[in-house]
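Before any comments, here is the structure.
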C-alpha cells in the first residue's frame with residue numbers, strides 16, 4: 414500500500430464522518446464545525462490527487478469565508494440547538510420526505526454505476542507539479558471550454574446579490590407600504606385560522 | 172528520502188522556536204516602543220532594558236489559576252485558543268527565509284516547503300484563524316465575548332475579499348504563486364539592490380495589503396473585536412492563564428506572519444545588497460521583518476480606533492473598489508506590455 418492510498422483512505426473516511434456528523438447534530442454550531450472538518454478532508458483529497466489549486470480554493474472560499482458567514486448568522490440569531498427546527502410530521506410532508514429520499518438514492522446508485530472509475534489512482538507523490546487542477550490548467554479550461562457556464566454562474570450570483578439587496582433595503586416611503594402589506598397578510602392569516 | 176525528512180524536521184523545529192521567541196520579544200518591543208512614544212520608559216525592572224519581561228510574563232501566566240466559567244460550552248471553549256494559535260504557526264511553512272544552504276554536511280532548502288501555490292496556502296490557513304476568535308466568543312457564554320466574536324467574524328468577511336485581491340497585482344506581475352520564485356524575481360545585482368522590489372511596481376497593492384492585514388490581525392485601529400473601552404476584552408474576556416496566553420501568542424504570531432509575507436511579496440524577501448554578499452541572507456530577512464513589526468507598533472501608537480460603521484463603510488466602499496481597480500489596471504498594463 415503506497416502512501417497515497419493511506420492518505421486517501423484517511424481523508425476520505427474523515428470527510429464522510431464529518432458529513433454524517435454534520436447532518437445528525439442538533440446544535441447548529443457543531444454542525445458547522447463538522448462541515449468544516451469534512452471540507453478540510455475533501456481539500457486533502459484534492460491535494461492528494463495533485464490538484465493543489467482546487468484544494469486551496471476549497472479551503473479559502475468554503476471553509477474560510479462561506480462557513481464564517483454561516484457561523485455569523487447562527488451567532489446573530491443565537492441558535493443553541495434547543496429550538497425545535499424539526500420537520501413537520503404531517504402525512505403529506507412525510508410522504509414527500511420518503512419520496513425525495515428514494516429518488517436521491519436511486520440517482521446516486523445510477524451515477525455510481527454509470528461513471529467510469531479508474532482502477533489505479535494517481536497521487537501527489539507520482540505527479541508532475543504543473544499538471545491538472547493547478548492554476549494554469551484550471552483557468553485555461555474556465556476561460557475557453559467552459560466560458561459560457563462560467564459567465565452564466567457569475568450572472569446568477571449577481572442576480573442573487575441584487576435580489577438580496579432589494580429584499581433587505583427598504584426605503585422610508587416603502588417601509589410603510591411593506592409593513593402595511595405584512596399587517597394585511599398577518600390579518601388574513603389570523604382570519605384564516607379563526608374561520 | 173531520509174535526508175529530506177531529517178532536514179525538514181530540523182527546519183520545522185528551528186522555525187517554530189524562532190517564531191515563538193520572536194513573539195515573546197515582540198511583546199517587549201511593543202511595550203517598550205509604545206512607552207517611549209507616550210513619554211514613558213516602558214518595562215525596565217526585569218533585566219537590562221526590561222529584556223526579561225517576556226520571561227516574567229510567561230512564568231506568571233503559567234502559574235495563574237485556569238478559571239473556566241460554568242456557562243461555557245466546554246469543547247468549543249477549549250478549541251478556541253488552539254484554533255487561533257495553530258493557523259498562525261502554519262503560515263511559516265511556506266515563507267522563504269534564505270537561499271539554499273548547507274550546514275554540517277546536510278543540504279538545506281531556504282524554506283520548509285516550496286509549494287507551487289505558496290501564497291494560496293497562506294491565505295487558506297489565515298482564513299481559518301478567525302474560527303478561534305468566533306468560537307471563543309460564542310462558547311464563553313458572555314455578552315461581551317459574543318459581541319466580540321460577532322464583530323470579528325463580520326470584520327473578517329468584510330476585509331477578506333480586499334485582502335485576497337490586494338495581492339493579485341503582484342501575482343499578475345510575477346506570473347507565479349510560489350514564494351521562492353517571487354523572491355528570486357526581485358533579486359538585483361546592481362547597487363540599487365531594491366530596484367526590482369514589487370513595492371515600486373504595485374504601491375497601491377502594498378497599501379491595500381497592509382491595511383487589510385492590520386484588519387485581519389485585529390490590531391489598532393481595527394481592534395474592535397477586543398475593544399477594551401466597550402467590550403471589556405472582547406472574545407477573550409472569559410479566558411485566563413495559558414488559554415489567554417495562547418490568544419496573545421497567536422496575535423503576535425499573526426503579526427509576524429503578516430510581516431514575513433509583506434517582506435516576501437513587496438520587499439524582496441531575503442535579497443540584500445549585492446556588495447554585502449558576505450552577510451547571510453537570513454539577516455536581511457530578519458531586518459526587514461523587524462522594520463515591519465516596528466511599524467505595527469507605531470501604527471498602534473498613532474491611530475485611534477475606528478467606530479464600527481466607519482469600519483464597515485471603509486472596508487466595503489473604499490478598500491474593495493480600490494482593490495478591484497488595482498487588480499484590473501495591473502492586469503491590463505501587464506497585458507499591454509506583453
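Residue numbers (our numbering), protein chains in the order written: chain U, 414 to 608; chain X, 172 to 509. Every residue, glycine too, gets a C-beta built ideally from N, C-alpha and C.
Bounds of the beta strand (DSSP E) holding residue 274 of chain X are 272-274. Put simply, of X:293, X:197, X:189, X:311 the residue whose alpha carbon is nearest the alpha carbon of residue 419 of chain X is X:197. For the pair residue 427 of chain U and residue 456 of chain U, the CB atoms are not nearer than the 8 Å cut-off.
If you look at residue 430 of chain U, you'll find it isn't in any beta strand (DSSP E); it sits in the alpha helix (DSSP H) that goes 416-437.
Using a Cβ-Cβ distance cut-off of 8 Å, the stretch 491-503 of chain X and the stretch 330-339 of chain X are in contact, since at least three pairs of beta carbons, one from each stretch, lie closer than that value. No Cβ-Cβ contact shorter than 8 Å links residue 361 of chain X with residue 236 of chain X.
Among the residues of the stretch 377-411 of chain X, none has a Cβ less than 8 Å away from any Cβ of chain U. Taking C-beta atoms under 8 Å as the contact rule, residue 407 of chain X and residue 307 of chain X qualify, at a distance of about 6 Å. Checking the DSSP bridge columns, you'll see residue 279 of chain X partnered with X:272. Interface residue (Cβ-Cβ distance to chain U less than 8 Å): residue 298 of chain X is classified as such. In this structure residue 435 of chain X does not touch residue 505 of chain X by the C-beta definition: roughly 20 Å separates them, more than the 8 Å allowed. One Cα belongs to residue 224 of chain X, the other to residue 450 of chain X, and the distance between them is close to 30 Å. CA-CA distance, residue 330 of chain X to residue 297 of chain X, rounds to 12 Å. Neighbours of residue 292 of chain X in chain U, taken as residues whose beta carbon is under 7 Å from its own, are 469 in chain order.
Proximity of residue 325 of chain X to chain U, defined by a Cβ-Cβ separation below 8 Å, is satisfied. Counting only the Cα atoms, residue 311 of chain X lies some 5 Å from residue 243 of chain X. At a Cβ-Cβ threshold of 8 Å, residue 464 of chain X and residue 424 of chain X do not count as neighbours. One Cα belongs to residue 250 of chain X, the other to residue 432 of chain U, and the distance between them is close to 20 Å. Taking the Cα of residue 327 of chain X as reference, the smallest distance to any Cα among X:346, X:305, X:233 is reached at X:305. Any Cβ of chain X closer than 8 Å to the Cβ of residue 478 of chain U would place that residue at the interface, and such an atom is present. When 8 Å is used as the limit between beta carbons, residue 466 of chain U is near these residues of chain X: 288, 291, in chain order. Nearest CB-CB separation between residue 348 of chain X and chain U: below the 8 Å threshold. Every alpha helix (DSSP H) of 4 residues or more that sits fully in the stretch 392-475 of chain X is shown, in chain order, as 399-402, 412-437, 452-473. For residue 517 of chain U, there are no neighbours in chain X by C-beta distance under 9 Å, as the nearest C-beta there is about 31 Å away.
Taking C-beta separations shorter than 7 Å and ignoring five residues to either side along the sequence, the partners of residue 373 of chain X in its chain run 340, 341, 344, 501, following chain order.
In this structure, X:302 is the residue among X:269, X:302, X:218 with its C-alpha nearest to the C-alpha of residue 480 of chain U.
Around residue 240 of chain X, the same chain offers 311, 312, 313, 409 as residues with beta carbons nearer than 8 Å, after the five sequence neighbours per side are excluded. Taking C-alpha positions only, residue 566 of chain U is separated from residue 212 of chain X by approximately 59 Å. If you check the CB distance, residue 258 of chain X and residue 282 of chain X do not come in under 8 Å. Counting every other CB atom within 10 Å of its CB across the protein chains shown gives residue 231 of chain X a total below 16, marking it as exposed. Residue 397 of chain X is positioned such that its CB atom lies no closer than 8 Å to that of residue 386 of chain X.
Remark: C-beta atoms of residue 210 of chain X and residue 472 of chain X do not approach each other more closely than 8 Å. DSSP, reduced to helix, strand and coil, places residue 528 of chain U outside both helices and strands of the structure shown, so it counts as coil.
Here residue 264 of chain X carries a helix assignment [DSSP, helix/strand/coil]. Cβ proximity to chain U below 7 Å picks out 328, 331, 348 from the stretch 328-354 of chain X.
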